[in-house]
Each structure stands twice: as C-alpha cells, then as structure tokens.
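Colleague: Encoded as structure tokens, here's the structure I'll be asking about.
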Amino acid sequence: MKAAKEIWKPETLKELRKSRYRVLPVREEMRKNLMAKLKTGEPLFQDIVGYESTVIPQLENAVLAGHDMIFLGERGQAKSRLIRNLTRLLDREIPIIKGCEINDNPFAPICKSCREKTLEQGDSLEIEWITSERRYAEKLATPDVTIADLIGEVDPIKVAEGKYLSDEHVIHFGMIPRVNRGILSINELPDLAEKVQVGLFNIMQERDIQIKGFSIRLVLDVLIVASANPEDYTNRGRIITPLKDRYSSQIRTHYPVAPAIESKIVEQERRRFEDDGYAVVMPPFMQEIVTQITFLARQSAEVSQHSGVSVRMSISNTECMLSNAEKRAIRLGEKEVSPRISDLPAIISSTAGKLELESFSEDGREDKLIRHLINEAVRQTFDKYFDVGSLAGVVAAFHEGATAIVSDSLPSEEYLRQFSGISDLLARAESFRPQCGPAVLASIVEFILEGLYLHNRVHKEQLGAQVRYKG
Ligand SMILES: [Zn+2]
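Following our numbering, the residues of the sequence shown are numbered contiguously, the last one being 482.
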C-alpha cells in the first residue's frame with residue numbers, strides 16, 4: 012500500500028484535496044516524525060556518536076517543543092552535522108504550488124503570484140512535490156551578510172520593467188523566504204552584523220518581512236537553527252539580547268568524553284580508499300596515541316581552548332599516519348600496512364593547522380609543542396599496556412650492548428631480524444598480540460622501545476632519518 016502511494020502523487024489542487032493530504036507546519040511535521048521514531052525506539056541519528064545521553068535528549072525536547080534552537084560549541088563538535096541531520100525529521104516530499112519561489116502551501120498560498128494563480132485557476136492549479144533537501148539551507152554568518160541575502164531585496168530590473176515599488180512582484184526573495192516550510196541554519200551567528208540580527212529577530216518574532224521600507228505581510232513558516240562558539244555567544248555585545256531570547260532551546264555540544272569514543276568516531280569518519288591489495292591493520296595502541304594527542308591538546312595551556320581542538324584533528328592525523336605507513340609498504344613491496352611510532356612525525360603537518368596557540372611567539376614553538384604532545388601521548392598509552400619494571404630483561408639486553416635501529420622506511424622483516432637477538436623483546440611483543448603479521452609485530456616492538464626511552468630506561472639517538480636505541 013505504501014509503495015502504491017509513492018508512485019501516484021496528486022498533481023493538481025483538486026487531486027491533492029481528494030487525497031485528503033494534510034499540510035502541516037514544519038514544526039508539527041518534524042514533531043510527528045520524531046514521535047514515530049520515539050515510538051519504535053529507532054535512534055534519532057545513527058551516525059552521531061557520543062551524544063546519546065547529553066545532546067540528543069535536549070535536541071529531542073527542542074523538536075517536540077517546536078523550538079528554534081542554537082547549538083553552542085567549540086569547533087569540530089559535529090554541530091553542522093547535527094543541524095543537517097534535522098532534515099531527516101522532515102517528510103521526504105511535500106507538495107507546493109508549482110514554480111513557487113517560496114514553497115507555497117497549495118491550500119494557503121502567501122506569495123502574491125500564487126494567490127493570483129489560485130484565483131485564476133482554482134482547482135486545476137498545478138502542484139509539485141519537493142524533497143526535504145530543497146527545504147534546507149545554511150549560511151555561514153560573516154559581517155558582510157546583508158538583510159538582502161537573508162530576507163530579500165527589491166529587484167531593480169523588475170522595477171525598470173514598469174512594476175510599482177508597492178507591488179510585491181518586484182521582490183527578489185532571500186534565503187529565509189526560499190526555505191519557507193523548511194529549516195534555515197545560520198552558522199557562527201555572532202558574526203552577523205547587528206542590523207542583520209535585528210532583521211532576523213523581526214522575522215523570528217513577527218514572521219513578516221520588511222523590504223526596503225515597505226512591509227509586505229508574509230507569514231513564513233521556517234525553523235531557524237543557529238550555531239556559535241559559546242564564548243562569542245555569551246560575550247556582551249556580540250548578540251543582541253532579543254535575538255538571544257528568541258532561541259528557546261540552547262544546546263551545548265562537547266568533545267567526546269573519552270578517548271575510546273573519539274577513536275570510534277575516527278574509525279567511522281576517516282577516509283577510506285578502494286582496497287588495492289594492501290591490508291591495513293591498525294594496532295589499537297597507535298589509534299589510541301593519535302586520539303590521546305588530541306585529548307592532551309584540549310588540556311594544554313598553550314593551546315587556545317576558546318577555539319577548541321576539533322575531532323577532525325584526530326581524523327586527519329589518523330589518515331596521515333596511515334598514509335605514511337602505506338607509503339612504506341608500497342615502496343618496500345610489503346602487503347601489510349601497519350603504522351608504527353616512527354610514522355608519528357607525519358602527523359605534524361596535519362596537526363599544525365588545527366591548533367591555535369594561546370599567544371603568538373617565536374618560530375618553531377608549535378612544532379615543539381606537537382612533539383611534546385606526541386611524546387606524552389605515547390608515554391601514557393605505553394603505561395596503559397606495559398609496566399616498565401616487567402621489561403627489565405629487555406633493558407638489561409640494551410645495557411649489555413644491544414642496539415636497535417628503527418625508521419619509517421625500514422622493512423618490517425628488518426626489525427624482526429635485528430631484534431631476534433633480544434629474545435625478551437620479541438617474546439613480549441608476540442604475547443602482546445599473538446599471531447600477528449610482521450608489520451604489526453614491528454610496530455609493537457618499536458612501541459616498547461619508545462616507551463622504555465620515554466621512561467629513561469634506554470637511550471635514543473637520531474641518525475639522519477633513522478633512530479637508534481641503545482643502552
Ligand atoms: Zn507562491
């Protein structure tokens with residue numbers, strides 16, 4: 012029955028009336044669809060991880076209450092994605108008067124040309140069905156966004172054609188009227204000029220729009236959602252108070268509360284390419300190190316916590332680290348790709364642009380900070396898996412003269428050949444992850460060596476692109 016309904020769709024006002032289709036205001040439509048999801052227990056948004064018990068419940072309440080809402084959060088907290096996902100609460104398609112610029116409800120048109128058409132054509136008025144994507148628009152607020160962009164302006168060409176200024180036909184509609192019966196998202200709301208905020212407030216409050224001195228009454232039906240950095244939003248003067256009051260629901264987003272959640276997001280979001288014959292094996296500790304670097308950056312006094320440190324940093328660092336490992340496999344003809352500690356310098360380039368330092372100072376400070384964060388993350392992750400004391404046998408071997416050379420371009424087999432003499436080291440690595448391939452084993456071995464170095468149990472020297480551990 013459902014399928015048949017999808018095939019046939021009313022094409023005229025008469026057919027629409029006969030089908031008993033009910034036009035709902037956008038808030039009611041979203042509420043209806045949310046209630047259906049709540050009834051079946053279906054998760055609201057499947058691809059949003061880590062907000063199940065914090066952000067999502069507030070969002071559900073806001074939708075049920077029919078509120079305009081603002082999401083407050085630092086960068087990289089999936090605010091845009093949350094907002095875009097709201098379109099999933101819209102019906103897949105709704106009917107509008109065919110050709111209408113502002114998605115007029117066939118039963119109650121508000122624009123002048125549709126009202127005229129309805130009078131002329133009556134029941135034979137044509138309608139069309141538009142998808143939910145067409146009922147969503149987003150605008151990045153910048154100081155040069157104008158009232159004309161958001162609301163509309165008088166079109167001089169139409170005036171020149173002889174239409175009177177008092178005639179609504181001379182209006183070129185802006186973004187808000189164009190998403191009538193839909194959702195408009197304004198990102199970084201505090202960056203809007205005050206004058207534009209006033210205009211936005213009027214439209215949210217009164218629902219009618221005023222253009223260039225003359226007021227036309229258009230009772231628009233738009234859910235307005237915004238996002239902002241919390242500090243910019245609460246700073247006095249950045250947002251006019253009445254506009255603030257108009258956002259009935261204020262929802263605070265946050266970074267993942269635990270590294271494991273962030274790792275899960277990385278796993279879901281990182282870019283993947285067609286499998287081209289290489290098997291990528293990510294040792295869990297390497298993923299944890301990358302995620303931990305981001306967590307440490309979020310606690311660092313040297314990093315601007317006002318801007319925040321995006322989850323995207325964990326994602327692009329993971330991608331860079333894997334690419335470096337992949338390059339090695341390609342060059343050396345290895346089939347297994349597994350990142351190791353010596354691949355970590357590859358993430359310096361992907362980290363740099365994503366950290367905003369608290370104060371500007373000498374060159375190279377950022378580099379130093381990132382290296383410090385990497386070391387700290389490796390040490391903490393190492394401590395999670397190993398107890399330095401239990402590695403006394405390995406340390407002893409180094410003090411008796413053993414050395415080990417590692418680098419991001421050395422074959423995995425070469426690692427294993429070098430370390431075959433340090434039996435304790437290989438045994439520990441093998442028991443850490445039994446039956447793994449040489450690339451993973453090499454990665455574990457280097458992890459142990461670096462951990463011992465960071466605990467001052469062995470020495471380390473840089474030999475060009477290589478690193479030598481020694482007693
Ligand atoms: Zn219309």
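Note that the Cβ used here is the ideal one computed from N, Cα and C, for glycine as well. These numbers were taken from a predicted model, which means no experiment stands behind them.
#1: What residue range is occupied by the uninterrupted alpha helix (DSSP H) comprising R281?
#2: Name the one or two DSSP bridge partners that T245 has.
#3: Name, in chain order, the residues that DSSP records as bridge partners for Y238.
#4: Is C331 near ligand 1, judged by its Cβ being under 8 Å from some heavy atom?
#5: How big is the Cα-Cα spacing for F82 and S401?
#6: What's the call for F458, buried or exposed, on a 16-neighbour Cβ count within 10 Å?
#7: Give every residue of the same chain whose Cβ lies closer than 7 Å to the Cβ of D287, excluding the five residues on either side of it in the sequence, and list them in chain order.
#8: Please confirm whether P294 and R390 have their CB atoms less than 9 Å apart.
#9: Express the C-alpha separation of D115 and K13 in angstroms, rounding to a whole number.
#10: Should T305 and S325 be called a contact, given that it needs their Cβ atoms to be closer than 9 Å?
#11: Taking 8 Å as the limit between beta carbons, can you name the residues of its chain near H180, skipping five residues before and five after?
#12: By Cβ distance, which residues of its chain are closer than 7 Å to R257, with the 5 residues on each side in sequence left out?
#13: Nearest-angstrom Cα distance between C111 and K379?
#14: Would you say A363 and P350 are within 9 Å of each other, going by their C-beta atoms?
#15: What do you reckon, are the CB atoms on L474 and V456 nearer than 9 Å?
#16: P356 and D398: beta carbons closer than 9 Å?
#17: When you get a sec, list the residues whose CB is within less than 7 Å of any heavy atom of ligand 1, chain order please.
#18: Would you kindly work out how many angstroms separate the C-alpha atoms of L151 and V74, rounded to a whole number?
#19: According to DSSP, is I113 helix, strand or coil?
#20: So, do the region 83-95 and the region 261-277 have three or more beta carbon pairs nearer to each other than 8 Å?
#21: Would you say L49 reaches chain B, if we count a Cβ-Cβ gap shorter than 9 Å as a contact?
#22: Check whether the Cβ atoms of L24 and E137 sit closer than 9 Å, and answer yes or no.
#23: What separation, rounded to the nearest whole angstrom, lies between the Cα atoms of K275 and V60?
#24: Residues in its own chain within less than 6 Å of R218 by CB, not counting five upstream and five downstream?
#25: Which term fits A89, buried or exposed, when burial requires 16 or more other beta carbons within 10 angstroms of its beta carbon?
#26: In this structure, how does DSSP classify S64 when only helix, strand and coil are distinguished?
#27: Taking C-alpha atoms, which residue in R95, I94, A438, F118 lies nearest to I105?
#28: Are the region 191-204 and the region 228-247 in contact at 8 Å, needing three or more beta carbon pairs?
#29: Tell me which residues share the same chain as L49 and place their Cβ nearer than 8 Å to its Cβ, disregarding the 5 neighbours each side in the sequence.
#30: Could you tell me whether the Cβ atoms of I250 and G210 are closer together than 9 Å?
#31: From this set, I300, L460, Y426, which residue's C-alpha is nearest V405's C-alpha?
#32: Where does P270 land, buried or exposed, given buried means 16+ other C-beta within 10 angstroms?
#33: Should V268 go down as buried or exposed, given a rule of 16 or more other Cβ atoms within 10 Å for buried?
Modeller: According to the structure data:
#1: Where R281 is concerned, there is no enclosing alpha helix (DSSP H), given that its DSSP letter is neither H nor E.
#2: DSSP output for T245 lists no bridge partner at all.
#3: Before going on, a small fix: residue 238 reads as Ser here, not Tyr. Its beta-bridge partners are F82.
#4: no
#5: 49 Å
#6: buried
#7: none
#8: no
#9: With a pLDDT of 48 at K13, under the threshold of 50, the predicted position of this residue should be treated as unreliable, though the coordinate-derived value follows. Approximately 26 Å between the Cα atoms of the pair.
#10: yes
#11: K123, S124, K169, K174
#12: D79, F212, M215, Q216
#13: 58 Å
#14: no
#15: no
#16: no
#17: I108, C111, E112, I113, D115, P120, I121, C122, S124, C125
#18: 23 Å
#19: coil
#20: yes
#21: Among the chains in the structure shown there is no chain B, since it carries only a single protein chain.
#22: yes
#23: 8 Å
#24: V230, L231
#25: buried
#26: coil
#27: F118
#28: yes
#29: E71
#30: no
#31: L460
#32: buried
#33: exposed
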